[in-house]
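For the record, the sequence lines run as chains A and B. Heads up, the first sequence is in the UniProt record's numbering, so the first residue is 1 and it goes up one at a time. Heads up, the second sequence is in the UniProt record's numbering, so the first residue is 1 and it goes up one at a time. One structure below.
Protein chains: 2
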Amino acid sequence: MTAVDVRALVFDVFGTVVDWRGGVAREVRRLLGPSVDAAALADDWRERYVPSMEQVRSGELPWTPLDALHRASLSAVLADAGLASVPAEVRDELVLAWHRLDPWPDVLPGLRRLARSYVLAPLSNGNVALQVDLARRSGLPWDAVLGAEVVRHYKPDPEVYDSAAELLGVPPSSVVMVAAHLDDLAAARARGLRTAYVHRPDEFGGRVVPPSSDPDADLSVASFEELAEALGV
Amino acid sequence: MTAVDVRALVFDVFGTVVDWRGGVAREVRRLLGPSVDAAALADDWRERYVPSMEQVRSGELPWTPLDALHRASLSAVLADAGLASVPAEVRDELVLAWHRLDPWPDVLPGLRRLARSYVLAPLSNGNVALQVDLARRSGLPWDAVLGAEVVRHYKPDPEVYDSAAELLGVPPSSVVMVAAHLDDLAAARARGLRTAYVHRPDEFGGRVVPPSSDPDADLSVASFEELAEALGV
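Right, dumping it as structure tokens:
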């Protein structure tokens, strides 16, 4: 991958751009109080993420945006934590925890450098309104919001990766998928995108330690600033 | 319409945000030389815009992004101007004229004020890549790029207006459609959006003078700064 071929970078968001675990736990503490194990609740909620999207990917459910999947899986999360009595309006607020996540410290300085030379967009399973809220909260300099809801398919469905190049009007080989997850990058690569792996050792709070690099990616970096450096901006 | 109900503003782009006639004529002069009547060529090209989208809206053509419609209609424009010998690579550059249009002078100061309180997005018939190029060229502070290509329908199809509220996760009545064209606003109103008319007397170079206000709109203004003022930001 030479920097000169690259026209756009598209980003996984949960875990790659923002710290979902810390942010969800913070909102859980705020809304449910200090007696709840907030980190455990965040972990449990996240574990239901892939199975809930799988219901849409398999056709069992019609297209359903991530906010609605989060709202549905929250019922089981709260029930399992002995919190079945949490009222509906607090549940609605808890779903918005996913709109109030903070970026990792290297994200804004890295994106600001990358934005000078490249088109930047999220390519996330989060819905458009969620991405807009995250971006407005932190000043993420996206040029457009791409991803699952635009094509009504969840990653790793090929339609999501294909849409990035198509909507940006460039060849797949000039788009770099940036993610902290090997499976997301493998699916992007299968559709002809370039790939950059970002090591996020704290995503799962140390419970799961991701590999330090992806041997199949064009680039493996430890931060968005290192990514900017590698692309010469 | 009270400002407190408003969550998002979505914008028509050609004529409302950017001066398509001045920008296309400038690029025509640059690429075809001073002997061509650049403004007449821009007008002729624009006149083929609605009929070319109509081929998609009627189902005669499958979904085709605006860049490709512009490329197809350019052949007739050049032939009618006695310029059938213009080579393919110059035609490709001419199509990109629509990506290089400048905003009216009030646009950036108005949008910067509106961005403090409201989610802002284009809701145009122009494709996503075109909107990204326009925004990066001038610094238009969009939070997302919505519009025709995202839903594969051209305005005034109802799907385009419906998608704005749906993708932004808000009720249609909290979204304001901003446009310099009465038909666009009427179609938005029919789908439950609020409407703001912007008077752009120079859009057609004085050949057609638009009305100074739209009696059916919630607001009629002469600039984006006046729109910000009316919404109290």
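Ideal placement from N, C-alpha and C gives every residue a C-beta, glycine not left out.
- Selection B/V6, B/E149 and B/L140 evaluated against B/T64 yields B/E149 as nearest (Cα-Cα).
- For A/D184, not one C-beta of chain B is nearer than 8 Å to its own C-beta.
- Setting aside the 5 residues that flank it on each side, B/D157 is surrounded in the same chain by R57, each with a C-beta closer than 7 Å to its C-beta; the list follows chain order.
- Scanning the stretch 9-71 of chain A for uninterrupted alpha helix (DSSP H) segments of 4 residues or longer gives 20-32, 38-47 and 49-57, listed from N- to C-terminal end.
- The C-alpha of B/V24 is placed about 5 Å away from the C-alpha of B/A97.
- Proximity of B/N127 to chain A, defined by a Cβ-Cβ separation below 8 Å, is satisfied.
- Residue state for A/S220 is assigned as strand, using DSSP reduced to three classes.
- B/G82 counts as exposed, since fewer than 16 other beta carbons sit within 10 angstroms of its beta carbon.
- Taking each of B/E166, B/D202 and B/S213 in turn and checking the Cα distance to B/G192, the smallest one comes out for B/E166.
- Using a Cβ-Cβ distance cut-off of 8 Å, the stretch 130-150 of chain A and the stretch 87-102 of chain A are in contact, since at least three pairs of beta carbons, one from each stretch, lie closer than that value.
- Taking C-beta atoms under 8 Å as the contact rule, A/P122 and A/V107 fail to qualify, at a distance of about 12 Å.
- In the DSSP assignment, A/Y197 falls outside any alpha helix (DSSP H) and within the unbroken beta strand (DSSP E) covering R194 to V198.
- Ranked by how close their Cα comes to the Cα of B/R21, the residues B/A38, B/P87, B/P62 and B/A196 have B/A38 in first place.
- Per DSSP, reduced to three states, the secondary structure at B/A180 is coil, with no helix or strand assignment.
- B/L114 places its beta carbon 8 Å or farther from that of B/V77.
- The shortest C-alpha to C-alpha distance from B/R29 to any of B/F14, B/H199, B/V90 and B/S117 is the one to B/V90.
- Rounded to whole angstroms, the separation of the alpha carbons of B/E226 and B/G232 is 10 Å.
- Contact annotation for B/V119 against chain A: V132 and R136 [CB-CB distance below 8 Å, chain order].
- In the pairwise beta carbon analysis, the stretch 199-215 of chain A is classified as touching the stretch 8-21 of chain A: at least three pairs are separated by under 8 Å.
- Identification of residues in the stretch 142-154 of chain B having a C-beta nearer than 7 Å to some C-beta of chain A yields D143, A144, V145, E149 and V150, given in sequence order.
- Counted as a single uninterrupted DSSP element, the alpha helix (DSSP H) harbouring B/A148 occupies residues A148 to V151.
- The Cβ atoms of B/N125 and B/L74 do not sit closer than 8 Å to each other.
- Rounded to whole angstroms, A/L185 and B/A190 show a C-alpha spacing of 43 Å.
- At least one beta carbon of chain A lies nearer than 8 Å to the beta carbon of B/G169.
- Nearest neighbour of B/H181 by Cα position, chosen from B/L69, B/V119, B/P109 and B/S213, turns out to be B/S213.
- For the 8 Å CB-CB criterion, A/L120 and A/V13 do not form a contact.
- Minimum Cα-Cα distance from B/V95 among the listed residues B/V151, B/R48, B/E27 and B/A222 corresponds to B/E27.
- The Cβ atoms of B/Y118 and B/V6 sit closer than 8 Å to each other.
- The closest CA to that of B/L130, considering only A/D143, A/V128 and A/Q131, is found on A/D143.
- Only residues of its own chain outside the window of five on either side were considered, and among them G110, R113 and L114 have a CB closer than 7 Å to the CB of A/A228, listed in chain order.
- Counted as a single uninterrupted DSSP element, the alpha helix (DSSP H) harbouring A/V128 occupies residues V128 to S138.
- When DSSP reads this structure, B/S117 sits in no beta bridge, so it has no partner.
- Straight-line spacing of the CA atoms in A/D80 and A/V132 works out to 31 Å.
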